[in-house]
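The next block holds one structure in the form of structure tokens; read it before the comments.
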Amino acid sequence: MPKKNSDRKVITEVDFSQTNKEGCIREMLAAIKLMKEGYNVSKTMFDNRYDLIAEKYPKYIRIQVKNLKLTYKSDPTQPLSINKWEIHAYTNIKGNKKIYTKDEIDVVFAIDIETENFAIIPVEKIPKTGVVRISEQSDRKEYFNSFKALDDLK
Numbered sequence: 001m002p003k004k005n006s007d008r009k010v011i012t013e014v015d016f017s018q019t020n021k022e023g024c025i026r027e028m029l030a031a032i033k034l035m036k037e038g039y040n041v042s043k044t045m046f047d048n049r050y051d052l053i054a055e056k057y058p059k060y061i062r063i064q065v066k067n068l069k070l071t072y073k074s075d076p077t078q079p080l081s082i083n084k085w086e087i088h089a090y091t092n093i094k095g096n097k098k099i100y101t102k103d104e105i106d107v108v109f110a111i112d113i114e115t116e117n118f119a120i121i122p123v124e125k126i127p128k129t130g131v132v133r134i135s136e137q138s139d140r141k142e143y144f145n146s147f148k149a150l151d152d153l154k
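Residue numbers 1 to 154, in the UniProt record's numbering, belong to the letters of the sequence shown in order.
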């Protein structure tokens with residue numbers, strides 16, 4: 001519920017317990033999908049820039065799990081209408097956007113809790129804005145509901 005502060009601006013309260021639950025669910029769903037693909041999956045115990053480590057010898061992959069958000073749903077009455085998704089591949093630390101780097105992670109695994117659609121994006125493909133957009137026409141469509149990014153890692 002919004003509260004008003006002394007400047008009369010509306011401040012939205014964030015339910016961190018719900019946000020944390022959803023994050024845990026995303027991590028579990030990602031781990032299940034990875035295990036079905038033959039990976040051994042480990043969860044980090046402390047705060048790291050990555051959430052999971054997927055291992056399929058000799059590869060060890062550092063994974064940051066994020067929300068895959070449907071930003072535009074296609075309209076079946078419009079033949080050129082397509083679904084569009086968005087991933088925020090960054091964290092906010094004291095109001096400063098911190099985008100993930102190759103030194104910290106290998107891929108972002110974004111997943112939609114409701115549909116279990118997912119996208120695995122190599123860290124090199126994350127734009128400087130940190131916002132990854134995917135559609136059937138985007139240059140990142142090959143990473144949607146695909147393990148291509150993991151297969152391509154050396």
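Cβ coordinates follow ideal geometry from the N, Cα and C atoms, glycine included.
Checklist entry - Under 8 Å between the Cβ atoms of Gly130 and Tyr90? => result In this structure, Gly130 lies near Tyr90, with their beta-carbon atoms less than 8 Å apart.
Next on the checklist: Relative to the C-alpha of Lys66, which candidate in Leu150, Lys154, Gln137, Ile120 has its C-alpha closest?
Outcome noted: Per the C-alpha coordinates, the member of Leu150, Lys154, Gln137, Ile120 positioned closest to Lys66 is Ile120.
Checklist entry - Which stretch, first to last residue, makes up the beta strand (DSSP E) that contains Lys128? => result Segment: none, Lys128 is in no beta strand (DSSP E) and carries neither H nor E.
Next on the checklist: Just to check my reading of the structure: Ile61 and Asp106 have Cβ atoms closer than 8 Å, yes? What is that Cβ distance to the nearest angstrom?
Outcome noted: The pair is a contact, with the Cβ atoms about 5 Å apart (cut-off 8 Å).
Checklist entry - Using a Cβ-Cβ cut-off of 6 Å (strictly less than) and excluding sequence neighbours within five positions of Thr71, which residues of its own chain qualify? => result The beta carbon of Thr71 sits closer than 6 Å to the beta carbons of Lys84, Glu86 from its chain, once the five residues preceding and following it are set aside; these are given in chain order.
Next on the checklist: If you reduce the DSSP assignment to three classes, tell me which class Asn96 lands in.
Outcome noted: In the structure shown, Asn96 adopts extended strand secondary structure according to DSSP, grouped into three states.
Next on the checklist: Looking at the ligand GTP, does it come within less than 7 Å of Asp139, judged from the CB to the closest heavy atom?
Outcome noted: Absence of the ligand GTP is noted for the structure shown, with no ligands found whatsoever.
Item to check | Residues bridged to Thr77 (per DSSP) | outcome: Thr77 pairs with nothing; no bridge assigned.
Checklist entry - How about Phe118 and Ile111: are their beta carbons less than 8 Å apart? => result Closer than 8 Å, so yes.
Item to check | Element boundaries [alpha helix (DSSP H), containing Ala149] | outcome: If you look at Ala149, you'll find it in the alpha helix (DSSP H) that goes 148–152.
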